[in-house]
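In my numbering, the protein residues as written are 2 to 318. Beta carbons: idealized from backbone N, C-alpha and C, even for Gly.
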Ligand code: AVI
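The following block contains the structure:
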């Protein structure tokens, strides 16, 4: 038996031992998964990225002003999960234009992604001060408590929607903990809307989202020496306007056994049994107010796109 040490192996052993079986969407993002997610963001059905871009384009100066009281004396703009920074560049340019003194501190667990981002920023915004933080979010948030000066923390792209209700509260409490009275938090929330549009965003006609979901099995084949046969798996997604949750599943189309050599385990799947792989929650503005209040935050300002699809919400302690 191979030595089961990796976090992924432990997660898979636990998740496939549950009923219903579950795997976390956290593991979607290997290199292939990250490339597929880039493609998803350009799909005609996937509106959230375009909607948040529109907010940054339409409300740039007001957004910059709402984050700046965080420190007229100079502040840190901390971004959790900066990615390629495309949206943030609009905000950074605006802050540079208004001559606010600040340092941009992108946080990402991947050193490779961070180097790419920092190189791009140095080229495109040479006047910007950048202090990259290569850590996981929890470590970065703990460090934030001891940072000098005030800060504005960004958590964009509706990533908050990928937490379940209990983890969401935990995470928001961790975000709120290091905030002083002058600090600000900006969170992107995807809003509830026509249920058919929401469902289509997670089940696109070209099948890119299906490939994104199924790629998790390819990852397990490669990293845990598993033998999932992708011909016997389907992507399925539903949206419940009652709970605001898009749930994504991998569906076993026949009774089958899958060998996972790294765990020295064989897992049985019944025909049409599912693995629940992702939640993407959608919110209403009153729910966002209630959520903020529950973790001791207040809503300072809400920015939405013209269609009301998405909200970037400025919060304070
Ligand atoms: C990263 N996250 C906000 C995306 C979402 O919309 O939940 C991930 C995604 N899953 C399927 N499509 C996009």
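In this structure, residue 279 has its CB closer than 7 Å to one or more heavy atoms of the ligand AVI. Rounded to the nearest whole angstrom, the CA to CA distance from residue 266 to residue 302 is 51 Å. Remark: C-beta atoms of residue 258 and residue 233 do not approach each other more closely than 8 Å. Secondary structure note for residue 152: its beta strand (DSSP E) is the uninterrupted segment 151-156.
With contacts defined by Cβ atoms closer than 8 Å, residue 78 and residue 108 do not form a contacting pair. Around the Cβ of residue 179, a 10 Å sphere holds 16 or more other Cβ atoms; the residue is buried. Contact check for residue 222 against residue 229 passes: the beta carbons are separated by less than 8 Å. Straight across, the Cα-Cα distance linking residue 148 with residue 103 is about 14 Å. Counting along the chain, residue 94 sits inside the alpha helix (DSSP H) bounded by residues 87-98. Boundaries of the beta strand (DSSP E) around residue 282: 275-282.
At least one heavy atom of the ligand AVI lies less than 7 Å from the C-beta of residue 159. DSSP, reduced to helix, strand and coil, places residue 249 within a strand of the structure shown. Just measuring C-alpha positions, the residue of 57, 12 and 85 sitting nearest residue 38 is 85. Relative to the ligand AVI, the beta carbon of residue 190 is positioned no closer than 7 Å to any heavy atom.
Each residue's CA atom was taken as its position, placing residue 191 and residue 231 some 31 Å apart.
For residue 207, the CB contacts under 8 Å within the same chain, skipping 5 residues up- and downstream, are 44 in chain order. The beta-bridge partner set that DSSP reports for residue 237 consists of 250. Of the candidates 153, 33 and 177, the residue whose Cα lies closest to the Cα of residue 75 is 153. Of all alpha-carbon atoms in 299, 21 and 53, the one lying nearest the alpha-carbon of residue 184 is that of 299. Note: residue 22 is bridge-paired with 276 in the DSSP secondary-structure output.
In terms of CA proximity to residue 137, 83 leads the group 128, 166 and 83.
Within the DSSP secondary-structure output, residue 108 pairs in a beta bridge with 81 and 134.
Residue 279 counts as buried, since at least 16 other C-beta atoms from the protein chains shown sit within 10 angstroms of its C-beta. By the Cβ-count criterion, residue 67 is buried, with 16 or more other Cβ atoms from all chains shown falling within 10 Å of its own Cβ. In the structure shown, the three-state DSSP call for residue 29 is helix. Rounded to whole angstroms, the separation of the alpha carbons of residue 197 and residue 124 is 41 Å. Residue 262 and residue 182 have their C-alpha atoms roughly 52 Å apart. Nearest to residue 186 by alpha-carbon distance, out of 163, 251, 200 and 151, is 151. Bounds of the beta strand (DSSP E) holding residue 257 are 257-261. Of the candidates 15, 24 and 20, 24 places its Cα closest to the Cα of residue 220. Going by beta carbons, residue 236 and residue 217 fall outside the 8 Å limit.
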